[in-house]
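In full-length UniProt numbering, the protein residues as written are 1 to 273. Using N, Cα and C, we set each Cβ at its ideal position, and we do this for glycine too. Note sheet for the following structure.
As structure tokens, then:
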């Protein structure tokens, strides 16, 4: 993708004219939570994982440009970015994960969620999403920061109050996606996804534990083999030394050998007589 066709604002779903640094951070957090490679469902296909990873990298580039005042000023002025900054041997996937850790962590997510949930800012975002997606609660829940399936009923109440006050129009999709059955299905699906994710994580931990155990066993076997080899060499050295410096008690001395040989010769002569 050329730098001229790489629209940082579009990628982060922002309005160039009104986006503030807080809007940029918020958009990145929301989309990063959706596309981060480690946040994909356990049953995601390889193709889905690949697309999510590509989207995550695009968002990382867009955020790296818009969150830096100098880069942002140049990008806003020229409409393009310096692609050379994103080339070379650097592992950009690792960099974008580092960027994620710097902007999104368990602490920042929890703090932001507590501040955002039930706020006027959340209400404004919900109503804007409602109009943008023509009332589809499925899509609204996808784009509202830190939202879960259970929030669907809370958002429905919020939107119905706005409809009664003529703040937003009515949409058929809204009625279709806010039935009791629709709410229940979303909650059930999300619960299953979470369970699948936890199961996969547990299996990964088991696999890791087995791999560590096997590696430790292999390491122990290797160490024992090295020790045995050293012991064999030491015994061999010890045997050579004993041969040079000591007389093996199981072998006759030269004098004893000569005496035995003389006795054998005498017996041999007697037998011949």
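Any idea if residue i is buried or exposed, counting beta-carbon neighbours within 10 angstroms, 16 or more meaning buried?
i           : result
residue 1   : Caution is warranted here: a pLDDT of 46 is assigned to residue 1, below 50, making its placement in the model unreliable, and the coordinate value is therefore given only provisionally. Exposed, by the Cβ-count rule.
residue 156 : buried
residue 17  : exposed
residue 186 : buried
residue 45  : exposed
residue 149 : buried
residue 275 : Nothing about residue 275 can be reported from this structure: the residues present for the chain run from 1 to 273 only.
residue 111 : exposed
residue 12  : buried
residue 8   : buried
residue 179 : exposed
residue 177 : buried
residue 6   : buried
DSSP on residue i, reduced to helix/strand/coil?
i           : result
residue 53  : helix
residue 144 : coil
residue 40  : coil
residue 126 : helix
residue 72  : helix
residue 59  : helix
residue 78  : helix
residue 67  : coil
Which stretch, first to last residue, makes up the alpha helix (DSSP H) that contains residue i?
i           : result
residue 7   : Neither: residue 7 is in no alpha helix (DSSP H) and is coded neither H nor E.
residue 133 : Residue 133 -> no alpha helix (DSSP H), and no H or E assigned at all.
residue 175 : 172-176
residue 117 : Here residue 117 belongs to no alpha helix (DSSP H), and DSSP marks it neither H nor E.
residue 14  : Run containing residue 14: none; DSSP gives neither H nor E here.
residue 158 : 151-164
residue 169 : Counting along the chain, residue 169 falls outside any alpha helix (DSSP H), and DSSP gives it neither H nor E.
residue 27  : 21-35
For the putative contact between residue i and residue j, defined by C-beta atoms under 8 Å, what is the C-beta separation to the nearest angstrom?
i           : j           : result
residue 151 : residue 141 : 7 Å
residue 116 : residue 122 : 5 Å
residue 47  : residue 40  : Rounded, the Cβ-Cβ distance is 11 Å, inconsistent with contact.
residue 35  : residue 52  : 5 Å
residue 196 : residue 15  : Not really, about 36 Å apart at Cβ, beyond 8 Å.
Contact between the region 135-155 and the region 165-176: three or more CB pairs below 8 Å?
-> Counting C-beta pairs closer than 8 Å gives three or more between the region 135-155 and the region 165-176, which meets the contact rule.
Using 8 Å as the Cβ pair cut-off and three pairs as the minimum, do the region 27-35 and the region 48-59 touch?
-> yes
Say whether the region 16-30 touches the region 142-151, bearing in mind that this needs 3 or more beta-carbon pairs closer than 8 Å, one atom from each stretch.
-> Output reads yes: the region 142-151 touches the region 16-30.
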